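Number 285 in our numbering belongs to position 285 of the sequence shown; there are no gaps in the numbering.
Structure first, then comments.
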Amino acid sequence: MAILYAKWRKQPQPPGFREGSSAPPEQLLQAIWQHQRIRRSDLRATDGRWVTILHPGFLNLEAGPDFRQAIVQMGNTKPFECDVEVDVLSAGWRQHGHNTNPAFGSVGLHVVWQAGASGPSDLPVVELKNQLDAPLGQLADALGQATTLPPKNVHGRCSAPLRDLPAGGVADLLGQAAKVRLEAKAAALAAIADRATWEQALWEGLFTALGYKQNSWPMRRLAELLPGLRRGLGQVPEPIVLLARLLGVGGLLPGQLDRDKLTNRYLRTLWDQWWRDRDRLAKRILPKSVWTFHGLRPANRPERRLALAAHWLAKRDFIAWLDDWICQPPKNPSPVVALLGHLAVSDDYWSRHWTFRSGRFAAAQPLLGSGRLHDIAVNVILPWLHARATADGNAGLVARVEQRYFAWPKGQDNSRLKFVRQRLFGGRRIPLRGAALQQGLLQVQADFCNHTNALCDDCVFPDLVRRYSLEKT
Ligand code: SF4
C-alpha cells in the first residue's frame with residue numbers, strides 16, 4: 001500500500017542527504033543529535049571517556065551554538081550544563097570562527113561527523129560517524145531536516161493539485177504516508193531493542209512519550225536506567241517502591257517534610273524506601289536542572305507521570321496483556337477502550353495531587369488524559385508491536401497491527417496539525433478520519449515541507465501529486 005509514497009520519498013530533495021554523498025550535511029547531523037539517533041548507552045568521546053547525554057539541549061535557531069542548555073555527563077563525573085556545537089568536521093570550529101566568538105564560550109561539547117585536526121583543544125569531542133543507531137541513509141529518510149517554518153497565511157504549492165485529486169485520493173496518499181511513519185517509528189524502537197531488549201525498547205518509548213515535549217529526555221534517561229533501578233525487586237514490586245527509586249534517581253524527591261500531614265506521611269514512606277537504595281544509585285542521580293517546569297501544566301508534572309509509570313512497571317502482566325490484546329482482540333469492550341483501560345491507573349496520592357506542595361483535591365483526576373493515552377497507543381505501542389512482529393517475520397501479526405493502526409480513532413487536534421493542514425489544503429475542510437491519517441499529514445511535512453522554504457522552492461510533492469492524479473483519472 002505504501003509503495004508509491006515510499007518511492008516518492010526517494011525523489012531528489014533540495015538539501016537532503018543520500019547514501020553515497022561524501023559527508024552528511026550539518027542539518028542532518030543536527031537532526032540526528034536532536035533526536036539522539038545515536039548509540040546512547042555506549043557513547044564515547046574521542047578521548048575514550050563514556051558520555052551520557054541527559055538532555056541534548058534545545059535547538060537554537062538564532063546566532064550562536066547549535067544547541068543550548070544540554071546536560072552532559074562525562075564518565076562518572078557530575079553532570080554539567082553546556083551548549084553543544086555540531087559541525088561536519090573538527091576543523092569547522094576554526095573555519096567558522098567559533099574559537100574567537102564569545103557566543104561560543106559556553107560550548108562544552110563538540111559533536112562532529114568526523115574528528116580531526118584544528119578542533120577546539122579543550123573540549124570533549126563526540127564523533128558520530130561510528131556511533132549512530134541506524135545506517136545514515138535510513139536516518140536521513142526518517143528525520144525531516146529542520147528548516148525555517150513558513151508563515152501561517154501561505155498555502156503550499158501542493159494545495160492546488162491536492163484539491164484536484166479524485167475522491168479518495170487524499171486519504172490514499174495520506175494513508176501511504178502514515179504507513180511509512182509507522183514503519184519509521186517501529187525502526188527506531190527496533191534499534192533500541194537491538195542494543196538492549198524488546199521490553200527495554202517499550203519502556204524507553206513509553207517514558208519518552210510520558211515526558212511529552214518538555215521532559216522527554218530526562219524521562220528517557222530514567223527508562224535507560226531501569227535495568228539498574230529494578231534490580232533486587234521481586235516479581236511484583238509495589239508501585240511505591242518503584243516510584244521511590246524513580247523519584248530519587250530523578251532528583252525529584254523533596255528533602256523537607258513540612259507539608260500537610262498526609263503528604264508528610266507519604267513522603268516519609270518514599271524516603272524510607274529511597275534511603276535503602278540511595279548509595280547504590282548515587283552516581284545515577286539526575287540534576288534537577290535537567291527537568292523543565294516552566295510553562296508546564298500542573299497535571300503534566302513529571303512526578304505524576306512517574307507515578308503512572310511505576311504502576312505500569314509494577315503490573316506483572318503489563319506486556320503479556322499487550323500481546324494478548326493484539327493477538328486476540330477483545331470484542332467487548334472494543335480494542336481501543338480495552339487498551340485505554342489497561343493504561344489508565346489510579347493512585348491514592350497522585351490522583352488527587354498535582355505536586356507535593358498542592359492541596360488534595362476532592363475529585364480524582366486521571367494521571368494521564370485520554371488524548372495523551374491515544375498518542376501513546378499510536379506512537380509507541382502499535383509501532384512497538386509492529387517492530388516485534390516484523391523482527392519475528394510474522395506477516396499475519398504485522399497485518400493485524402496495521403489494521404489496528406488504521407482503525408484507530410482520530411487524536412486531538414493540535415497546532416502542528418492545523419498548520420500542516422493549512423499548508424497542504426489551504427484551509428479547506430479535510431475529513432481526516434482516524435489517527436493514522438493525521439500521522440500521514442505529519443509525515444508529508446517531514447518528508448517534503450521540512451526540506452524547503454516558505455515558498456516551497458524545488459519541492460517535488462506538487463508534481464508527484466499531479467502525476468498521481470492523472471494516473472487515477
Ligand atoms: S513544501 Fe511541498 S509539501 Fe510542503 S506545502 Fe509546499 S508544496 Fe506542499
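Heads up, the beta-carbon is just placed ideally off N, CA and C, and yes, glycines get one too.
This structure is a prediction, so every number in the text was calculated from the model and none was measured.
Quick check on the contact list: which residues have their beta carbon closer than 6 Å to a heavy atom of the ligand SF4? Residues with a Cβ closer than 6 Å to any heavy atom of the ligand SF4, in chain order: Gly-156, Arg-157, Cys-158, Arg-423, Leu-424, Val-444, Phe-448, Cys-449, Thr-452, Cys-456, Cys-459, Phe-461 and Pro-462.
Can we say the stretch 207 to 214 touches the stretch 267 to 284, given the rule of at least three CB pairs closer than 8 Å? no
So Val-84 packs on Val-111, CB below 8 Å; how close in whole Å? In the sequence shown, counting from the first residue as 1, residue 84 sits at position 84. In the sequence shown, counting from the first residue as 1, residue 111 sits at position 111. Confirmed, Cβ separation roughly 6 Å.
Any idea which residues DSSP pairs Arg-44 with across the strands? Sequence index remark: in the sequence shown, residue 44 carries index 44 (1-based). Trp-50.
In the DSSP assignment, the alpha helix (DSSP H) including Leu-243 goes from what residue to what residue? As a working note, residue 243 is residue 243 in the sequence shown. 239 to 249 is the extent of the alpha helix (DSSP H) around Leu-243.
In this structure, how does DSSP classify Ile-285 when only helix, strand and coil are distinguished? The residue given as residue 285 occupies position 285 in the sequence shown. The answer is coil: DSSP assigns Ile-285 none of H, G, I, E or B.
Could you tell me whether the stretch 267 to 277 touches the stretch 240 to 250, using the rule of 3 or more Cβ pairs below 8 Å? yes
Look up Arg-495 in the DSSP assignment and say whether it is helix, strand or coil. Beyond the ends of the chain as shown, which are 1 and 473, falls residue 495; an answer cannot be given.
Could you give the first and the last residue of the continuous beta strand (DSSP E) run that contains Gly-108? As a position in the sequence shown, residue 108 is number 108, starting the count at 1. Taken as a continuous stretch (DSSP letters only), the beta strand (DSSP E) holding Gly-108 covers 107 to 114.
Proximal residues to Ala-223 (C-beta, below 6 Å), its chain only, five neighbours per side dropped: One-based indexing of the sequence shown puts residue 223 at position 223. Trp-203, Glu-204 and Phe-207, listed in sequence order.
Once the 5 residues before and after Pro-333 are set aside, which same chain residues still bring their CB inside 6 Å of it? Working through the sequence shown from its first residue, we reach residue 333 at position 333. Residues of the same chain with their beta carbon placed closer than 6 Å to that of Pro-333 are lacking, with the five preceding and five following residues left out of the count.
Identify whether Ile-430 lies in helix, strand or coil by the three-state DSSP scheme. In the sequence shown, counting from the first residue as 1, residue 430 sits at position 430. For Ile-430, the three-state secondary structure derived from DSSP is coil.
Bridge-paired residues (DSSP) for Gln-73: Here residue 73 corresponds to residue number 73 of the sequence shown, with the count starting at 1. Looking at the DSSP assignment, Gln-73 forms a beta bridge with Thr-52.
For the alpha helix (DSSP H) holding Val-337, just list the boundary residues, first then last. By one-based count along the sequence shown, residue 337 stands at place 337. Its alpha helix (DSSP H) spans residues 335 to 343.
So the candidates are Thr-355, Asn-450 and Ala-320; which of them puts its Cα closest to the Cα of Met-367? Within the sequence shown, the letter at position 367 stands for residue 367. Here the sequence assigns Leu to residue 367, which means Met is not the residue at that position. Cα-wise, what sits closest to Leu-367 is Thr-355.
Return the residue from the list Leu-382, Gly-57, Arg-163 and Leu-123 that minimises the CA-CA distance to Ser-216. Reading the sequence shown from its first residue, position 216 is the one you call residue 216. Minimum Cα distance to Ser-216 is reached at Gly-57.
Is the stretch 291 to 310 close to the stretch 374 to 384, with three or more CB pairs under 8 Å? no
Which of the three DSSP states, helix, strand or coil, is assigned to Asp-413? Numbered from its first residue, the sequence shown carries residue 413 at position 413. Here Asp-413 sits in coil by DSSP.
What residues in its chain sit with their C-beta under 8 Å from that of Pro-79, if we drop five residues either side in the sequence? By one-based count along the sequence shown, residue 79 stands at place 79. The answer, listed in chain order, is Thr-52, Leu-54, Ile-71, Val-72, Gln-73, Leu-286, Pro-287 and Val-290.
Between which two residues does the alpha helix (DSSP H) containing Phe-361 stretch? Here the question's residue 361 lines up with position 361 in the sequence shown. From DSSP, Phe-361 is part of no alpha helix (DSSP H); its letter is neither H nor E.
Proximal residues to Leu-252 (C-beta, below 6 Å), its chain only, five neighbours per side dropped: Translated into the one-based positions of the sequence shown, residue 252 becomes position 252. Result list for Leu-252: Glu-303, in chain order.
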